[in-house]
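Presented below is the structure to which this report refers.
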Ligand SMILES: [Zn+2]
């Protein structure tokens with residue numbers, strides 16, 4: 405297949421009137437359009453205004469999609485214990501799959517090709533199957549919760565870890581290696597020391613398995629960990645093995661100097677989720693400082709109950725503008741940096757090589773955008789448009805590993821209407837009252 409248009413190779417290279425050749429799962433050639441067309445006369449040409457690397461959603465909760473709009477304007481603990489945890493504990497296996505499919509549909513529609521996806525405690529296999537079936541790339545994991553958790557989510561440590569190991573055996577490297585495993589403790593508050601150390605052991609036992617958890621999102625969490633362990637959260641995570649080049653920590657809003665040094669020294673990846681941090685009033689993560697320390701910072705939407713969309717373009721704009729207003733300096737978090745966070749930094753965090761740029765020999769994870777809109781006119785600067793003006797609906801084409809997932813604005817790997825219809829039906833039928841009453845007993 406020939407894909408032609410203005411090609412955004414990476415944050416520093418933009419090639420107008422160009423084309424890429426996709427053969428099987430890879431980009432095999434990139435060059436000036438006329439030259440590519442004459443070299444490959446028997447390939448079909450598909451043209452889009454802008455072609456760019458697929459975006460990486462480095463902290464996503466696909467299975468929380470049914471909670472979109474259910475819990476706005478809430479305190480974090482009310483949000484979690486009155487809505488999100490009761491919802492997760494209530495969903496049946498079929499409903500979990502409906503939720504995951506809705507999440508992946510939105511991601512594919514809006515240009516995300518790789519996810520780091522924090523699932524739920526139960527029925528994780530249904531999300532793995534949905535992700536594999538719909539063709540997205542990602543590292544996914546069943547959530548671990550073995551303390552301070554409501555019934556329906558609380559598990560025995562050994563049972564939780566052994567189910568994780570079964571899922572690793574089943575899905576790590578599945579679907580042509582598009583799907584890999586991340587061991588995902590929810591956060592230190594809801595996981596015992598044995599659980600956290602067990603997560604590290606599993607990641608060490610299976611090549612390429614990563615660890616993904618929430619860390620230092622808000623003050624209550626940090627105080628609880630400190631009361632439990634006598635340590636700052638990142639120091640505690642480090643002590644039990646949850647730092648390092650195979651670890652992705654979501655948020656890291658509240659870290660002190662010694663914790664930041666530790667993140668940098670250990671090569672731990674950080675995912676910034678600006679919409680979630682703003683909506684839940686968690687605070688402003690020190691992203692400019694992290695980047696100055698050469699910490700790899702990626703970008704994520706978090707879940708629909710705290711965002712309320714999985715559109716990655718929203719996140720790029722929020723990431724830049726939030727740092728600017730926080731630092732009172734409009735020169736920080738420039739478009740190039742933000743685009744790298746949303747592409748190559750995310751791919752590095754997820755551990756996928758040859759993902760995040762459009763170059764020969766790299767995997768064919770490509771999105772195509774239309775600029776036939778008022779918000780794209782005039783188009784002084786392609787990267788500026790992508791970070792500050794574009795929206796998910798500008799994405800017309802999504803390809804992962806050389807497979808077309810959406811073409812001319814139509815998702816081809818799922819019946820979008822029926823996914824939305826099922827999701828609306830399940831969401832309407834949800835009754836959280838019993839689970840909510842149970843969750844209250846564990847609310848700190
Ligand atoms: Zn999250």
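Residue numbers (the working numbering): 405 to 848.
Even glycine gets a Cβ: it sits at the ideal position worked out from N, Cα and C.
Relative to the C-alpha of residue i, which residue among the options is closest?
i	options	result
residue 740	720, 754, 759, 757	720
residue 823	648, 759, 594, 500	500
residue 513	416, 624, 486, 715	715
residue 687	624, 451, 487	624
residue 840	489, 412, 431	489
residue 608	533, 650, 579, 804	650
residue 495	482, 483, 523, 477	523
residue 817	421, 509, 637	509
residue 751	777, 661, 643, 543	543
residue 420	573, 802, 655, 438	438
residue 459	807, 772, 814	772
residue 850	656, 798, 447	Because the chain in this structure spans residues 405 to 848, residue 850 falls outside the shown range and cannot be described.
residue 448	483, 476, 406	406
residue 848	764, 628, 744, 803	628
residue 562	479, 595, 535, 579	595
residue 846	557, 428, 737	557
residue 803	664, 759, 790, 697	759
residue 849	423, 428, 476, 753	Absent from the structure is residue 849, since the part of the chain shown begins at 405 and ends at 848.
residue 819	537, 473, 734	537
Buried or exposed: residue i, going by 16 or more other Cβ atoms within 10 Å of its Cβ?
i	result
residue 705	buried
residue 434	buried
residue 463	buried
residue 471	buried
residue 521	buried
residue 829	exposed
residue 469	buried
residue 661	exposed
residue 642	buried
residue 620	buried
residue 722	buried
residue 446	exposed
residue 574	exposed
residue 486	buried
residue 749	buried
residue 708	buried
residue 831	buried
Do the CB positions of residue i and residue j come within less than 7 Å of each other?
i	j	result
residue 525	residue 549	yes
residue 843	residue 457	no
residue 587	residue 552	no
residue 418	residue 786	yes
residue 645	residue 604	yes
residue 703	residue 676	yes
residue 451	residue 507	no
residue 453	residue 788	no
residue 568	residue 606	yes
residue 411	residue 762	yes
residue 768	residue 426	yes
residue 564	residue 531	no
residue 795	residue 717	yes
residue 626	residue 659	no
residue 528	residue 546	yes
residue 541	residue 518	yes
residue 680	residue 711	yes
residue 678	residue 726	yes
residue 755	residue 614	yes
residue 805	residue 429	yes
residue 699	residue 668	yes
residue 766	residue 431	yes
residue 467	residue 826	no
residue 618	residue 654	yes
residue 742	residue 799	no
Tell me whether residue i, by its Cβ, gets closer than 6 Å to a heavy atom of ligand 2.
i	result
residue 771	Inclusion of ligand 2 in the displayed structure is not the case, the ligand content consisting of ligand 1 alone.
Going along the chain, which residues put their C-beta within less than 6 Å of some heavy atom in ligand 1? The answer, residue by residue, is 463, 465, 522, 618, 654, 706, 707.
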